[in-house]
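Numbering (the numbering used here), first residue to last: 614 to 1030.
We put the CB at the ideal spot given by N, CA and C, even for glycine.
Have a look at the structure below, then the notes.
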Ligand code: EPU
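So this is what it looks like as structure tokens:
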């Protein structure tokens, strides 16, 4: 087990370079199976979720090499066999193997995926996509056996714009016969990244990034290269760090458009921000104004940033209201912030954050990835020392968080306990 210790109150100044996006990379890696050749993916983040996917690829018999940020995957040697539950439950993205294997081999056996425990997270929309293309799904407890004599393009209307169901439907449709129309699709930039990768392999996907995606099936997909887009949630997390403790903190290798919903909120609060072509510079704001926020699918305010932002809301002068519309259990960071001195009330899907309060160091627990990020941010500004337990959650999604924050002046270390 690992814990993070942070001595609060140190100014952050200098540069932080953003890594490749977790939620893109975790789909690009399984998507590579659809190719009949060798694929190369650059800007792969060094996070434990990628290690877990690597393990699945190697378990299936793929040849994988990883050098620095570059991953090469040759899946010509794959044997399509059941993926054991103990591997699939390590992360949510394991279910991208469900669609990639089904799309390529017309048969897959695997278990319900894992992921942060932030809500029920059913996979009914993904299964609806599979069925619409002609697959039959047998469910026995947690196990899914999915077969299709033939996959034939179909019409899929998602009940909600689910990121996972959008990607899974694309992955299963690219090698189906005929055309699939996917409506009410999610519009996240990660989906565009995956569609571009598949199109480089020879797929015919149009409309990714809009709510209607059209996929014309092809027989084969060839060698391909792609680069993972910068992680907009990591970017946002360090922007919030800058708003809390920064002095001209420059965040580089970013796509500013992807974090616009956060940038606008930070400006509304009164944080000094300068937007460059591929960088954002931010300093600590004084007399921050409270704001109201509602999480939504892209381009709305991302649910993945609401927990990190809550730390900043405790410094605003007045009451901020934050509503979480995507997940039913994503306020597990709140009791810990209150333990550190915040004044936050939870009322169903909303929190009321009364500020300003002064945070002090405590021993707290990262219950999930973004709750952990929230507590790291709190530790940076709290008086005294904050100890965060269960930080394995944080390492799933933030590459070298200790090194990146230390380089800009934070007093932060990780210990094995
Ligand atoms: N939903 C259903 N049925 C489905 C699919 C989704 O009811 O079949 C519901 C979910 O329960 C949730 C909502 O729809 O309430 C949205 O879920 P979505 O499918 O969009 O989320 P996801 O694909 O499981 C990805 C990210 C999450 C991020 C969400 C929303 C990955 C691996 N995960 O999850 O990232 O919060 O999209 O943007 O891409 C994180 O990085 O911390 C994280 C949780």
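Opposite residue 977 in the DSSP bridges: which residues? DSSP lists 1001 as partners of residue 977.
With 7 Å as the threshold, decide whether the Cβ of residue 709 is near any Cβ in chain B. In the structure shown, chain B cannot be found, because there is only a single protein chain.
Look at the Cβ atom of residue 921, then the Cβ atom of residue 990, and state whether they are nearer than 7 Å. Yes. Within cutoff.
DSSP state of residue 795, grouped into three classes? In the structure shown, the three-state DSSP call for residue 795 is strand.
Can you have a look at residue 781 and say buried or exposed, based on whether 16 or more other CB atoms are within 10 angstroms of its CB? Classification of residue 781: buried, given that the 10 Å Cβ count is 16 or more.
Determine, using beta-carbon pairs with one atom in the segment 624-636 and one in the segment 836-856, whether at least three such pairs fall under 8 Å. The segment 624-636, when compared against the segment 836-856, does touch it at the 8 Å Cβ threshold.
Under 6 Å from any heavy atom of the ligand EPU, does the C-beta of residue 723 make it? No; taking the cut-off as 6 Å, the Cβ of residue 723 has no heavy atom of the ligand EPU nearer than that.
For the segment 696-767, list the beta strand (DSSP E) runs that are entirely contained and at least 3 residues long, ordered along the chain. Every beta strand (DSSP E) of 3 residues or more that sits fully in the segment 696-767 is shown, in chain order, as 720-724, 749-753 and 756-760.
If we count Cβ pairs, one from each stretch, closer than 8 Å, do we get three or more for the segment 951-958 versus the segment 913-920? In short, these stretches do not touch, since the Cβ pair count stays below three.
Please find out if some non-hydrogen atom of the ligand EPU comes closer than 6 Å to the beta-carbon of residue 775. Yes; taking the cut-off as 6 Å, the Cβ of residue 775 has a heavy atom of the ligand EPU nearer than that.
Does DSSP put residue 996 in a helix, a strand or coil? Under the three-state reduction of DSSP output, residue 996 falls in the strand class.
How many angstroms separate the CA atom of residue 831 from the CA atom of residue 720? Their Cα atoms are separated by approximately 18 Å.
Which residues in the same chain have their Cβ closer than 6 Å to the Cβ of residue 702, if we skip the five residues on either side of it in sequence? So the list reads 727, once near-sequence residues are dropped.
With residue 937 and residue 962 assumed to form a contact (beta carbons below 8 Å), what rounded beta-carbon distance in angstroms separates them? Rounded to the nearest angstrom, the Cβ distance from residue 937 to residue 962 is 5 Å, consistent with a contact under 8 Å.
Would you say the beta carbon of residue 829 comes nearer than 6 Å to a heavy atom of the ligand EPU? No.
What first and last residue would you give for the alpha helix (DSSP H) that runs through residue 924? Looking at the DSSP string, the run of the alpha helix (DSSP H) that includes residue 924 is 919-926.
Chain-order list of residues whose beta-carbon lies under 8 Å from that of residue 845 (same chain, five-residue window excluded): Closer than 8 Å at the Cβ level, and outside the excluded window around residue 845, lie 634, 802, 867, 868, 871, 872 and 915.
What separation, rounded to the nearest whole angstrom, lies between the Cα atoms of residue 905 and residue 987? One alpha carbon belongs to residue 905, the other to residue 987, and they sit about 18 Å apart.
At a cut-off of 6 Å, is residue 797 close to the ligand EPU when judged by its beta-carbon and the heavy atoms of the ligand? Result no, Cβ not under 6 Å from the ligand EPU.
Measure the alpha-carbon distance for residue 995 versus residue 887 and round it to whole angstroms. Going by the C-alpha atoms only, they are around 26 Å apart.
Helix, strand or coil: which one does DSSP assign to residue 843? Strand.
Tell me whether residue 738, by its Cβ, gets closer than 6 Å to a heavy atom of the ligand EPU. Yes, the beta carbon of residue 738 sits closer than 6 Å to at least one heavy atom of the ligand EPU.
Any contact of the segment 968-988 with the segment 721-740, i.e. 3+ C-beta pairs under 8 Å? Counting Cβ pairs under 8 Å, three or more are found: they touch.
Proximity below 7 Å, CB of residue 746 to CB of residue 713: Pairing residue 746 with residue 713 gives a Cβ-Cβ distance that is not under 7 Å.
Taking the alpha carbon of residue 930 as the point to measure from, which residue in 953, 975, 969 and 885 has its own alpha carbon closest? Distances from the CA of residue 930 to each of 953, 975, 969 and 885 were compared; the closest alpha carbon is that of 969.
Exposure of residue 770, with buried meaning 16 or more beta-carbon neighbours within 10 Å: Residue 770 comes out exposed.
Please determine whether the Cβ atom of residue 917 lies at a distance below 6 Å from any heavy atom of the ligand EPU. Answer for residue 917: yes, Cβ within range of the ligand EPU.
Report the rounded CA-to-CA distance for residue 985 versus residue 1004, giving the unit in angstroms. Using only the alpha carbons, I get a separation of about 7 Å.
With a threshold of 6 Å (Cβ to nearest heavy atom), would residue 778 be considered close to the ligand EPU? Result yes, Cβ under 6 Å from the ligand EPU.
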